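What follows is a set of notes on a single structure, which appears directly below.
Numbering (the numbering used here), first residue to last: 400 to 840.
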């Protein structure tokens, strides 16, 4: 939307910029202002005779349906002195926003998704950051696993936040590298599931340009790159839990989307092998496994650790970790898959959607579902409902948890436990939740 108004209709208040004397008055919160600058109309024959007219271009965030945000413009006309004075007042207000980043480290995976990350950055993201007076250190990967080297050597104290342009796999590499580095610097025994890990101090924003963008969908409600960039510019952050996966006495990986055994891990494995299919593989592989492959059942033994919810009532977020001792609940079941989506109370748009929120009562909790043997059509119906964020409990049992130990006996052959692109294991793993990452939202 483009709006042209006279400077007399613009009023700056304590927390908002108001534009009156128009059909639908605008009330723009200061935190939703991107930036403003004094401009002059392009040279023309009339301007050469009468002089060019200055105007003030104000850019702001407009919040639409389906969580989609857009950058809109208000053009304010007036004398050069009036426009200059208004520009200074608006920029002073924006400068008082303490949460807004001034410098960012941008990590770009140029071959993820449609291989358009670099063009999206240069044509969309960089101009928005410049309008918001945000400077950037840009790092671009050149080979496989290069993101790990870049993240490990980057000085996070030199910036106000990090931005990852890529998909869930790229984000996982950055997560694992930075979280592991933080634990090493703190001299923590991070290979022990009971160790209270240190959270990241640096906020991380995600611009979804990969093939799989589940984390971005969970945080922003969509995978629109402009929406993601505007969230980052706005600078508001919140803590979100990630899951830690332990096996063989060591930390195997962190996870932000899903940890799974059985069918889900098979889907991840075969989806990774069909990368040539691009995004189509996320439809083809699940349908192929659900409709044409025999279910592989295994005997699972889970011990689910959770806190007494009554003792958490009234506790501050910083007290959840130490509120009470974990209580154990044992589950033995013959199933074809076990999965824990990366959804929490601060992650309401996460994979599996807001429908998992009915099982979560406190931000320290995740949910795990054990899928029992059932018919192909029942499984297919369940996944179709899940895609529409309408989960049904017919195929599985849902339980909240803070930690899980898992043992399994395969009827046919041993299967791996996968956490997105995490190292595959063939031993009995332990899942644990850790409050780790701060996202722009």
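Note that beta-carbon positions come from the ideal geometry of N, C-alpha and C, so glycine has one too.
Bear in mind the structure is a predicted one, so any value in this text is a computation, not a measurement.
Residue i versus the options, residue with shortest Cα-Cα distance
i           : options               : result
residue 572 : 618, 543 and 431      : 543
residue 411 : 457, 452 and 624      : 457
residue 462 : 659, 703, 629 and 781 : 629
residue 416 : 689, 491, 774 and 467 : 491
residue 403 : 433, 477 and 739      : 477
residue 519 : 737, 563 and 425      : 563
residue 690 : 775, 536 and 667      : 775
residue 678 : 511, 740, 700 and 418 : 511
residue 438 : 420, 655, 453 and 500 : 453
residue 806 : 737, 795 and 488      : 737
residue 778 : 656, 668, 631 and 694 : 694
residue 486 : 683, 436, 657 and 764 : 436
residue 480 : 455, 561, 696 and 497 : 455
residue 474 : 408, 682 and 795      : 408
residue 498 : 514, 505, 484 and 533 : 533
residue 802 : 652, 702 and 536      : 702
residue 513 : 565, 558, 594 and 696 : 565
residue 430 : 493, 529, 464 and 794 : 493
residue 795 : 735, 683 and 422      : 735
Contact under 9 Å by Cβ, residue i with residue j
i           : j           : result
residue 503 : residue 509 : no
residue 729 : residue 698 : no
residue 567 : residue 612 : yes
residue 804 : residue 704 : yes
residue 472 : residue 507 : no
residue 569 : residue 609 : yes
residue 427 : residue 482 : no
residue 782 : residue 685 : yes
residue 524 : residue 601 : no
residue 585 : residue 597 : yes
residue 731 : residue 700 : yes
residue 623 : residue 797 : no
residue 626 : residue 466 : yes
residue 759 : residue 766 : yes
residue 780 : residue 657 : no
residue 581 : residue 538 : no
residue 669 : residue 688 : yes
residue 663 : residue 673 : no
Residue range of the alpha helix (DSSP H) that includes residue i
i           : result
residue 552 : 545 to 552
residue 488 : 479 to 494
residue 630 : 624 to 633
residue 674 : Taken as a continuous stretch (DSSP letters only), residue 674 belongs to no alpha helix (DSSP H), as it is neither H nor E.
residue 680 : 680 to 691
residue 501 : Where residue 501 is concerned, there is no enclosing alpha helix (DSSP H), given that its DSSP letter is neither H nor E.
residue 518 : 516 to 519
residue 611 : Taken as a continuous stretch (DSSP letters only), residue 611 belongs to no alpha helix (DSSP H), as it is neither H nor E.
Environment of residue i [buried if 16+ CB atoms lie within 10 Å]
i           : result
residue 772 : exposed
residue 675 : exposed
residue 821 : With a pLDDT of 34 at residue 821, under the threshold of 50, the modelled position of that residue is not reliable, and the figure given next carries that caveat. With 16 or more Cβ atoms within 10 Å of its Cβ, residue 821 is classed as buried.
residue 592 : buried
residue 818 : Because residue 818 carries a pLDDT of 35, less than 50, the predicted location of this residue cannot be relied on, and the following value inherits that uncertainty. So residue 818 counts as buried.
residue 424 : exposed
residue 414 : exposed
residue 522 : exposed
residue 433 : buried
residue 526 : exposed
residue 419 : exposed
residue 489 : buried
residue 496 : exposed
residue 631 : buried
residue 557 : exposed
residue 464 : exposed
Extent of the continuous beta strand (DSSP E) run through residue i
i           : result
residue 568 : Looking at the DSSP string, residue 568 is not in any beta strand (DSSP E); the run it does join, the alpha helix (DSSP H), is 567 to 584.
residue 434 : 432 to 439
residue 529 : Segment 525 to 530 is the alpha helix (DSSP H) holding residue 529; no beta strand (DSSP E) there.
residue 766 : 765 to 771
residue 661 : 657 to 661
residue 798 : 795 to 800
residue 536 : 534 to 539
residue 558 : No beta strand (DSSP E) contains residue 558, which DSSP labels as neither H nor E.
residue 403 : 401 to 405
residue 638 : 636 to 646
residue 650 : 649 to 654
residue 460 : 453 to 462
residue 513 : Residue 513 -> no beta strand (DSSP E), and no H or E assigned at all.
residue 594 : From DSSP, residue 594 is part of no beta strand (DSSP E); its letter is neither H nor E.
residue 426 : 425 to 428
residue 471 : 468 to 476
At least 3 beta-carbon pairs within less than 8 Å: the stretch 601 to 621 vs the stretch 641 to 653: no
Three-pair Cβ contact test at 8 Å for the stretch 621 to 640 versus the stretch 574 to 592: no
Sufficient close CB pairs (3 or more, under 8 Å) joining the stretch 537 to 557 to the stretch 648 to 661: no
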